[in-house]
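Q:
Numbering (our numbering), first residue to last: 27 to 266.
(1) Using the C-alpha atoms, what's the distance from residue 87 back to residue 38?
(2) I'd like to know if the stretch 56-64 and the stretch 104-114 are in contact, where contact means that at least 3 CB-CB pairs between them fall below 8 angstroms.
(3) Is residue 205 near residue 187, with beta carbons less than 8 angstroms apart?
(4) Looking at residue 172 and residue 181, is the spacing between their C-beta atoms short of 8 angstroms?
(5) Any idea which residues DSSP pairs residue 156 with across the strands?
(6) With distances taken between CB atoms, is the gap from residue 134 to residue 244 smaller than 8 angstroms?
(7) For residue 136, list the residues DSSP reports as bridge partners.
(8) Residues in its own chain within less than 7 angstroms of residue 166 by CB, not counting five upstream and five downstream?
(9) How far does the alpha helix (DSSP H) with residue 93 in it extend, from its first residue to its last?
(10) Going by DSSP, what residue range makes up the alpha helix (DSSP H) through residue 125?
(11) Could you give the first and the last residue of the continuous alpha helix (DSSP H) run that contains residue 67?
(12) Between residue 73 and residue 42, what straight-line distance do the alpha-carbon atoms span, to the nearest angstrom?
Encoded structure:
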């Protein structure tokens with residue numbers, strides 16, 4: 027009945043909140059295929075679905091979604107503000123790949139749990155613009171390239187290694203071989219963060235352990251900043 031339907035909507039909202047999105051009916055039978063080529067497809071789906079829960083026809087879901095959104099944004103903004111006071115550079119332009127991240131040296135901290143990438147992707151697709159890394163320059167952004175690059179960030183490790191080899195470079199713009207692609211992609215994310223931060227000056231190494239508790243950590247130099255490559259993700263990023 028109507029009561030059961032409302033409970034189903036609440037359960038679906040809880041699933042989305044905890045990173046288990048709803049796959050379209052046409053893709054449900056392809057879950058094994060999707061898991062082989064993409065990193066956690068249901069989690070990725072939940073990041074796209076969550077903003078729309080504030081429009082739910084279910085009053086309980088709508089209220090809880092609004093409260094959760096306010097708490098999430100307020101907490102994240104407070105953390106970024108404190109990091110800025112501690113000396114971090116915080117990017118506020120949503121057209122930049124560094125949007126909402128705190129940067130210490132060449133190490134970036136992403137506290138948004140997968141939501142930042144979706145927000146940046148949506149803005150770049152809608153505006154057709156991006157902000158070049160390492161500068162304040164706003165440049166035109168090819169939407170197809172933006173889509174392809176977003177998909178590449180969501181690939182499984184082995185699919186990502188294969189794509190890197192085909193493209194001849196990583197997403198950071200660094201030249202890649204089969205051996206380096208396999209090595210880079212075979213390391214667990216937290217260990218990869220430590221490895222990449224090892225060559226960074228300042229707080230890079232100290233911040234890298236945050237990757238073990240789910241915080242996104244990236245270390246790379248922009249083309250404008252790069253001098254001599256030292257490994258990891260350091261190279262010449264193009265568009266993110």
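We treat Cβ as the ideally placed atom computed from N, Cα and C, and that holds for glycine.
A: On the basis of the supplied data:
(1) What you label residue 38 is simply residue 12 of the chain shown in a count that begins at 1. What you label residue 87 is simply residue 61 of the chain shown in a count that begins at 1. Roughly 9 angstroms between the two C-alpha positions.
(2) no
(3) Translated into the one-based positions of the chain shown, residue 205 becomes position 179. Translated into the one-based positions of the chain shown, residue 187 becomes position 161. Against a cut-off of 8 angstroms, the Cβ pair of residue 187 and residue 205 comes out as no contact.
(4) Here the question's residue 181 lines up with position 155 in the chain shown. Here the question's residue 172 lines up with position 146 in the chain shown. Contact: no.
(5) Here residue 156 is taken as the residue at index 130 of the chain shown, counted from 1. Paired residue(s): 165.
(6) Translated into positions along the chain shown, residue 134 becomes position 108. Translated into positions along the chain shown, residue 244 becomes position 218. In this structure, residue 244 lies closer than 8 angstroms to residue 134 by Cβ.
(7) In the chain shown, residue 136 corresponds to position 110, counting from 1. Beta-bridge pairing links residue 136 to 242.
(8) For the purposes of this step, residue 166 is taken as the residue at position 140 of the chain shown. Only 154 and 155 meet the Cβ criterion.
(9) For the purposes of this step, residue 93 is identified with residue 67 of the chain shown, where counting begins at 1. Looking at the DSSP string, the run of the alpha helix (DSSP H) that includes residue 93 is 85-111.
(10) The residue labelled residue 125 in the question sits at position 99 within the chain shown. First-last for residue 125: undefined, no H or E at that position.
(11) One-based indexing of the chain shown puts residue 67 at position 41. Here the alpha helix (DSSP H) through residue 67 covers 67-75.
(12) Translated into positions along the chain shown, residue 73 becomes position 47. Translated into positions along the chain shown, residue 42 becomes position 16. When rounded, the distance between both Cα atoms is 8 angstroms.
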